[in-house]
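Undergrad: Following this message is one structure expressed as structure tokens.
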Amino acid sequence: MVSRWACGRCGFVAWTRDRTEMAEVTGPHLLAHHSDALSKSDFRVTWDCPYCATAKTAYDTDGAVAEFKSHLHDHVTDRVTDGVHVADQVGWDGVVRIDAAAADDEADALRAHFHDAAGLAVAVTPTPERLVRALDARLDAWPRRTVIVSTGEYDFEATPDVDFEEIDVEIVELDPRLSPDEVGETVSRILDANHEPGERVSLEVSVFHQIVAAFDVERAVEFVRMLAARLADAGGVLQLYVDADADRNVATVLNFLDETIDLTVAVDDGRFVRRP
Numbered sequence: 009m010v011s012r013w014a015c016g017r018c019g020f021v022a023w024t025r026d027r028t029e030m031a032e033v034t035g036p037h038l039l040a041h042h043s044d045a046l047s048k049s050d051f052r053v054t055w056d057c058p059y060c061a062t063a064k065t066a067y068d069t070d071g072a073v074a075e076f077k078s079h080l081h082d083h084v085t086d087r088v089t090d091g092v093h094v095a096d097q098v099g100w101d102g103v104v105r106i107d108a109a110a111a112d113d114e115a116d117a118l119r120a121h122f123h124d125a126a127g128l129a130v131a132v133t134p135t136p137e138r139l140v141r142a143l144d145a146r147l148d149a150w151p152r153r154t155v156i157v158s159t160g161e162y163d164f165e166a167t168p169d170v171d172f173e174e175i176d177v178e179i180v181e182l183d184p185r186l187s188p189d190e191v192g193e194t195v196s197r198i199l200d201a202n203h204e205p206g207e208r209v210s211l212e213v214s215v216f217h218q219i220v221a222a223f224d225v226e227r228a229v230e231f232v233r234m235l236a237a238r239l240a241d242a243g244g245v246l247q248l249y250v251d252a253d254a255d256r257n258v259a260t261v262l263n264f265l266d267e268t269i270d271l272t273v274a275v276d277d278g279r280f281v282r283r284p
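The sequence shown begins at 9 in the working numbering and counts up by one.
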């Protein structure tokens, strides 16, 4: 669980591991909205709070700016909510686009955040060993059931420190020649076989780029839409890990999926943010 703050002036939302980190987010963000409240003249810098009658003048520019950010944060501390989850933003029912390369270390914090709060976690990934290591290092506890789907073979000797007898994990190996429909059907069958009523589902798709590269835009779009519809029937959150700058076709597919994606989140210096 994390702390959340939503800007009242724009669509920016930030999640931090605890509320003590939030001042580093709110201060700079609010200062960007109220940059005209900060001025410099006659060798001095002045700030005039837009929310109250407080005003300060000083010679130390850096100190004055830091004080103004802290002051702005004080005005919104009561709007910081603790003990929440990023998926609460979509009511644990929707599609979340995550702007991070699937194999990026920063993305591991977010995937662990989602899987940690689920009863059933399903991950479609090209790097199953890396995923197991990342989750084992970051999860407070593994979900009741975890199913990892990959076209690559899993070398259990590569993760000898992971005690598979203590966690309920299944590795499903796929034929790399399967079509998106067949991959989607496999995931659907996994949901049928493993989901318990009322249980949160976290479905990670870290092969988005591979799907786009192997198939045409239309089929890639249809794959995501059908997967989202299937998960909506079970109740859960689908996470797409994407780097829109890596491939022009990826950006094209994302444009077609604009109405399907409910939330876009990025990892910024260890924090999760939704930008306007």
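Think of the CB as a built atom: it goes at the ideal place given N, C-alpha and C, for glycine as much as any other residue.
1. Just how far apart, CA to CA, sit H123 and G278?
2. How would you write the range of the beta strand (DSSP E) that L246 sits in, first residue to last?
3. Any idea which residues DSSP pairs G192 with across the strands?
4. Buried or exposed: where does N263 fall if 16 or more other Cβ atoms within 10 Å of its Cβ makes it buried?
5. Are the segment 147–163 and the segment 228–243 in contact at 8 angstroms, needing three or more beta carbon pairs?
6. Within its chain, find whatever has a CB closer than 8 angstroms to the CB of A252; leave out the 5 residues flanking it on each side and keep chain order.
7. I'd like to check one pair, G244 with R197: are the Cβ atoms closer than 8 angstroms?
8. Roughly how many whole angstroms lie between the Cα atoms of A117 and M9?
9. H203: which of V225, R152, V215, W23 sits nearest, CA to CA?
10. Taking the straight line between their C-alpha atoms, what separation do you get for V180 and T133?
11. At which residues does the alpha helix (DSSP H) containing V88 begin and terminate?
12. Between which two residues does the alpha helix (DSSP H) carrying E114 extend?
13. If we require 4 or more residues per run, which alpha helix (DSSP H) segments fall completely within the segment 95–182?
14. Rounded to whole angstroms, what is the Cα-Cα separation between S11 and A66?
15. So, at 7 angstroms on beta carbons, what are the nonlocal neighbours of D241 in its own chain, with the 5 sequence-adjacent residues on each side left out?
16. Would L246 pass as a contact of V140 if the rule is Cβ separation under 8 angstroms?
17. Where V157 and L39 are concerned, what is the direct C-alpha to C-alpha distance, given to the nearest angstrom?
18. Terminal residues of the continuous beta strand (DSSP E) containing D276?
19. Just curious, the alpha helix (DSSP H) that S78 is in, first and last residue?
20. Out of R227, L248, E178, V225, which one is the CA nearest neighbour of F216?
21. What's the call for C60, buried or exposed, on a 16-neighbour Cβ count within 10 Å?
TA: So, to answer that:
1. For the purposes of this step, residue 123 is taken as the residue at position 115 of the sequence shown. For the purposes of this step, residue 278 is taken as the residue at position 270 of the sequence shown. Each residue's Cα considered, the two are about 17 angstroms apart.
2. If you number the sequence shown from 1, residue 246 lands on position 238. That run of the beta strand (DSSP E) goes 244–250.
3. Sequence index remark: in the sequence shown, residue 192 carries index 184 (1-based). DSSP output for G192 lists no bridge partner at all.
4. Along the sequence shown, one-based indexing puts residue 263 at 255. Looking at its Cβ environment, which holds fewer than 16 other Cβ atoms inside 10 Å, N263 is exposed.
5. By the criterion of at least three beta-carbon pairs nearer than 8 angstroms, the segment 147–163 is not in contact with the segment 228–243.
6. Within the sequence shown, residue 252 is the residue found at index 244, counting from 1. Within the same chain, A252 has close Cβ partners D107, V258, A259, L262.
7. On the sequence shown, residue 197 is found 189 positions in, with the first residue counted as 1. On the sequence shown, residue 244 is found 236 positions in, with the first residue counted as 1. In this structure, G244 does not lie closer than 8 angstroms to R197 by Cβ.
8. Within the sequence shown, residue 117 is the residue found at index 109, counting from 1. Within the sequence shown, residue 9 is the residue found at index 1, counting from 1. Their Cα atoms are separated by approximately 12 angstroms.
9. Working through the sequence shown from its first residue, we reach residue 203 at position 195. Considering only alpha carbons, the answer is R152.
10. Translated into the one-based positions of the sequence shown, residue 180 becomes position 172. Translated into the one-based positions of the sequence shown, residue 133 becomes position 125. Computed Cα separation, rounded: 11 angstroms.
11. Taking the sequence shown and counting its residues from 1, the one referred to as residue 88 is at position 80. Note, V88: premise wrong, no alpha helix (DSSP H); not H, not E.
12. By one-based count along the sequence shown, residue 114 stands at place 106. Run containing E114: 113–124, per the alpha helix (DSSP H) assignment.
13. 113–124, 136–146
14. Position 3 of the sequence shown, counted from the start, is the residue given in the question as residue 11. Position 58 of the sequence shown, counted from the start, is the residue given in the question as residue 66. Their Cα atoms are separated by approximately 33 angstroms.
15. Taking the sequence shown and counting its residues from 1, the one referred to as residue 241 is at position 233. Closer than 7 angstroms at Cβ, skipping near neighbours: no residue.
16. The residue you call residue 246 lines up with position 238 of the sequence shown. The residue you call residue 140 lines up with position 132 of the sequence shown. No, the Cβ-Cβ distance between L246 and V140 is not below 8 angstroms.
17. On the sequence shown, position 149 is the one that residue 157 refers to. On the sequence shown, position 31 is the one that residue 39 refers to. Cα-Cα distance, rounded: 45 angstroms.
18. By 1-based counting over the sequence shown, the position of residue 276 is 268. Looking at the DSSP string, the run of the beta strand (DSSP E) that includes D276 is 271–276.
19. Taking the sequence shown and counting its residues from 1, the one referred to as residue 78 is at position 70. For S78, the enclosing alpha helix (DSSP H) starts and ends at 69–82.
20. Position 208 of the sequence shown, counted from the start, is the residue given in the question as residue 216. Nearest C-alpha to F216: L248.
21. Numbered from its first residue, the sequence shown carries residue 60 at position 52. C60 should be labelled exposed.
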